[in-house]
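Protein chains: 2
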Amino acid sequence: MARIALDAMGGDFAPSAPVAGALLALGELDHSHRIQLVGIPGVIRQTLDEALAGAYAGHAQHLDRLEIVEASDVIEMSEKPSAVLRGKPNSSMHVGLKLQVDGLSDAFVSSGNTGAQMAISSLVLRLHPGLSRPAISTFFPTARQPIVVVDSGANVDCSPQELVQFARLGAVYAEDILGRTNPVVGLLSIGEEPEKGSAAVKEAHQLLRQSGLNFQGNVEGRDLPVGGSDRGPIDVVVCDGFVGNALLKFYEAVAPMLINMVARHAGLSKEQLVGAFKQLDYSEQGGAPLLGVRGVSIISHGKSNPRAIMNAIKVGLRAVETRMNDHIGRRLAENGQQGTAA
Amino acid sequence: MARIALDAMGGDFAPSAPVAGALLALGELDHSHRIQLVGIPGVIRQTLDEALAGAYAGHAQHLDRLEIVEASDVIEMSEKPSAVLRGKPNSSMHVGLKLQVDGLSDAFVSSGNTGAQMAISSLVLRLHPGLSRPAISTFFPTARQPIVVVDSGANVDCSPQELVQFARLGAVYAEDILGRTNPVVGLLSIGEEPEKGSAAVKEAHQLLRQSGLNFQGNVEGRDLPVGGSDRGPIDVVVCDGFVGNALLKFYEAVAPMLINMVARHAGLSKEQLVGAFKQLDYSEQGGAPLLGVRGVSIISHGKSNPRAIMNAIKVGLRAVETRMNDHIGRRLAENGQQGTAA
Chain W
-1 MARIALDAMG GDFAPSAPVA GALLALGELD HSHRIQLVGI PGVIRQTLDE ALAGAYAGHA
59 QHLDRLEIVE ASDVIEMSEK PSAVLRGKPN SSMHVGLKLQ VDGLSDAFVS SGNTGAQMAI
119 SSLVLRLHPG LSRPAISTFF PTARQPIVVV DSGANVDCSP QELVQFARLG AVYAEDILGR
179 TNPVVGLLSI GEEPEKGSAA VKEAHQLLRQ SGLNFQGNVE GRDLPVGGSD RGPIDVVVCD
239 GFVGNALLKF YEAVAPMLIN MVARHAGLSK EQLVGAFKQL DYSEQGGAPL LGVRGVSIIS
299 HGKSNPRAIM NAIKVGLRAV ETRMNDHIGR RLAENGQQGT AA
Chain Z
-1 MARIALDAMG GDFAPSAPVA GALLALGELD HSHRIQLVGI PGVIRQTLDE ALAGAYAGHA
59 QHLDRLEIVE ASDVIEMSEK PSAVLRGKPN SSMHVGLKLQ VDGLSDAFVS SGNTGAQMAI
119 SSLVLRLHPG LSRPAISTFF PTARQPIVVV DSGANVDCSP QELVQFARLG AVYAEDILGR
179 TNPVVGLLSI GEEPEKGSAA VKEAHQLLRQ SGLNFQGNVE GRDLPVGGSD RGPIDVVVCD
239 GFVGNALLKF YEAVAPMLIN MVARHAGLSK EQLVGAFKQL DYSEQGGAPL LGVRGVSIIS
299 HGKSNPRAIM NAIKVGLRAV ETRMNDHIGR RLAENGQQGT AA
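Protein chains in written order, with this note's numbering: chain W, -1 to 340; chain Z, -1 to 340.
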């Protein structure tokens, strides 16, 4: 039995998408699980009523597993993390995350302001000892099986030590969420030779060789869609959040462009091809855990629809069930001082 | 009338691919142009004989516009640029580039060791005043028209001033090679707000606003396949060579992966779909000029086939005909001290 707190006020389509996503999830998940909708109660109740009177009429039977938790402040998508961190202490993010600290919830899911979620998660849940930043990891579909790209947007200007931290976090994520044994880690660079790359990447390469991780060496941009290099499959690709973010957004946009191109060429309708690209659809992924915080905080796309939010809730549930957070803590502790200095 | 020097010894398929590419180009280009095959004469002659006895039998008529220029050293694909820079003074790269300095040639094209070509081009041709590094710009096909990504692999750990230099070089390239008027420049970052990005990118943003360039602001990974942001089309995307190289290699690999995925889904053969991806095929691009050197040095893919080499020769020809190099020199001089300090 898990209790998942869901930010009802965050995301481009809040509160309707989170509320509908909660109803979808309650219908689909094992009935031992509960959802806590966090936000302004009047707004949530009205949205719930509308959903139950409309497309979600069949979901009223699940309401006994849905709880409303009051949070009076709303964080807008455009607000600066530094401003909301202290300025809106009763935001749905603060309140939703605080539930975990108080032992009242097991995970938090939001499609709201990502920077704010990172900052508030770090403040409220705190980081595991030895970490200097949390990281976002994302699945990239490949010709083989999905790979984990970490960091995919949280951090820029990363030190070599932080890149090693990302590798450790990504490896546990690949084990717990993707079920990979002894995950193979690649370091993104501009050539496979250890002496290729930026100063930080070259130093990270040397640190990773001594990290105890299953390090394959440098990988290149071309290895990501393939899911491996000519030295074998990879499970985790480590990079600075700047390049990770650029690649992720590029990947999300290139699929629809190629659908159009192929459809035009082959005389097919877009609809005939969309199915082939389903695994490139972020709503199928749902969300990504913020790695390194002492708890579960799932970051979902700002444009998440109800289905994406349901899938993000499932990611949160899987993180709870595999005890990923404890696993990360143990793994970091085992590796003592390695890769911990910022 | 232009004289194009072609490295007969560089590339994974040398000397056969460059020799065949030269024959293809001689047949297709205006007959006022000449090609200079640079390398070991005996090897070149034997390869020519084989080509003319085989698939290129019809091309013997063009031999009067083909010259062989002797160069005794061969640079291997795996050699370090620093080692060959001084250690192989009679390489086909040195000799081929020196022809321009001596007024005997107008452009140099190679599919050999890229790092060596950059280093030797910078040494032999020298850089325009005020530049600290040359840059590689590459076309990215988009849903609109192709965009120029600069730097796409030559330089890592770039300063804000170098990013501004790349923008100036890329803008002239877009004007001369793509025919764009007053090209729109975007700076790749992780969000469109000026305060998003790495330290170097944030400072470059401020410098670009005062650069006199047609600067649209930050763009994101998703804007590349689209060919623009929601603020309009873009012509040039500026980035560090690390992220440019990662994106380029990712793009080259993702198309074949998607072809397979779509073909499987739609029950089509790969061959039925390949045509749709033709514009993603690097052999259609041929090559990219090394920007910033005082001359023309075209970098072609190491795996170039004869067709790719012919297209690289065409890129060189266009750079000669538009006088792109003089244009770059003038533009940099006009902008005086702006963006010149490294």
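Note that CB positions come from ideal geometry on N, CA and C, so glycine has one too.
Is the CB of residue i under 9 Å away from at least one CB in chain W?
i: Z/Asp28; result: no
i: Z/Val154; result: yes
i: Z/Glu250; result: yes
i: Z/Ala55; result: no
i: Z/Ile221; result: Note that residue 221 of chain Z is Asp in the sequence shown, not Ile. Interface residue, yes.
i: Z/Met116; result: no
i: Z/Glu173; result: no
i: Z/Asn333; result: no
i: Z/Thr136; result: no
i: Z/Ala141; result: yes
i: Z/Gly151; result: yes
i: Z/Asn111; result: no
i: Z/Ala253; result: yes
i: Z/Phe240; result: yes
i: Z/Val236; result: no
Which residue or residues does DSSP assign as beta-bridge partners of residue i?
i: W/Leu125; result: W/Val291
i: Z/Asp155; result: Looking at the DSSP assignment, Z/Asp155 forms no beta bridge with any residue, so it has no partner.
i: W/Gly184; result: W/Gly215 and W/Val235
i: Z/Ile134; result: Z/Leu288
i: W/Lys5; result: It is worth fixing the name first, because residue 5 of chain W is Asp in this sequence and not Lys. Answer is W/Val36.
i: W/Phe164; result: In the DSSP output, where bridge partners are listed per residue, W/Phe164 has none listed.
i: W/Ser108; result: W/Ile297
i: Z/Val146; result: Z/Phe137 and Z/Val234
With a 10 Å radius around its C-beta and 16 neighbouring C-beta atoms as the bar for buried, classify residue i as buried or exposed.
i: W/His370; result: An answer regarding residue 370 of chain W cannot be provided, because it is not within the stretch -1 to 340 covered by chain W.
i: Z/Asp238; result: buried
i: W/Lys301; result: exposed
i: Z/Gly284; result: buried
i: Z/Asn216; result: buried
i: Z/Asp324; result: exposed
i: W/Pro139; result: buried
i: W/Cys156; result: buried
i: W/Val252; result: buried
i: Z/Arg32; result: buried
i: W/Asn180; result: exposed
i: W/Val99; result: exposed
i: W/Ala55; result: exposed
Roughly how many angstroms lie between the CA atoms of residue i and residue j, to the nearest whole one?
i: Z/Ser150; j: W/Arg321; result: 41 Å
i: Z/Pro304; j: Z/Pro39; result: 19 Å
i: Z/Asp28; j: Z/Leu123; result: 27 Å
i: W/Ala69; j: W/Lys194; result: 50 Å
i: Z/Glu190; j: Z/Ala23; result: 43 Å
i: Z/Thr136; j: Z/Val162; result: 17 Å
i: Z/Thr338; j: Z/Gln204; result: In this prediction, Z/Thr338 has a pLDDT of 42, which is less than 50 and means its spatial position is unreliable; what the coordinates show is noted afterwards. Near 15 Å, if we compare the C-alpha coordinates of Z/Gln204 and Z/Thr338.
i: Z/Gln335; j: W/Arg262; result: Low confidence applies to Z/Gln335: its pLDDT is 46, below 50, so where it sits in the model is not reliable enough to give any reading.
i: W/Lys200; j: Z/Ser295; result: 29 Å
i: Z/Glu319; j: Z/Ala310; result: 14 Å
i: W/Asn153; j: Z/Leu222; result: 21 Å
i: W/Leu186; j: Z/Leu35; result: 37 Å
i: Z/Ala198; j: Z/Leu206; result: 12 Å
Shorter than 9 Å from the beta carbon of residue i to some beta carbon of chain Z?
i: W/Glu77; result: no
i: W/Asn323; result: no
i: W/Leu246; result: yes
i: W/Leu160; result: The question names Leu, yet the displayed sequence has Glu at residue 160 of chain W. Judged by the 9 Å Cβ criterion, W/Glu160 is not in contact with chain Z.
i: W/Leu186; result: yes
i: W/Ala340; result: In this prediction, W/Ala340 scores a pLDDT of 38, lower than 50, which makes its location untrustworthy; the coordinate-derived value is nonetheless stated afterwards. So, not an interface residue.
i: W/Glu218; result: yes
i: W/Val67; result: no
i: W/Ser196; result: yes
i: W/Leu256; result: yes
i: W/Asn212; result: no
i: W/Val260; result: yes
Which runs of the alpha helix (DSSP H) at least 4 residues long sit entirely within the region 193 to 252 of chain W? Give them in chain order. Secondary structure in the region 193 to 252 of chain W: the alpha helix (DSSP H) runs of 4 residues or longer, each lying completely within the stretch, are 197 to 207 and 221 to 224 in chain order.
Threshold first: 4 residues or longer. Then list the alpha helix (DSSP H) segments lying entirely within the region 59 to 96 of chain Z, N to C. 79 to 85
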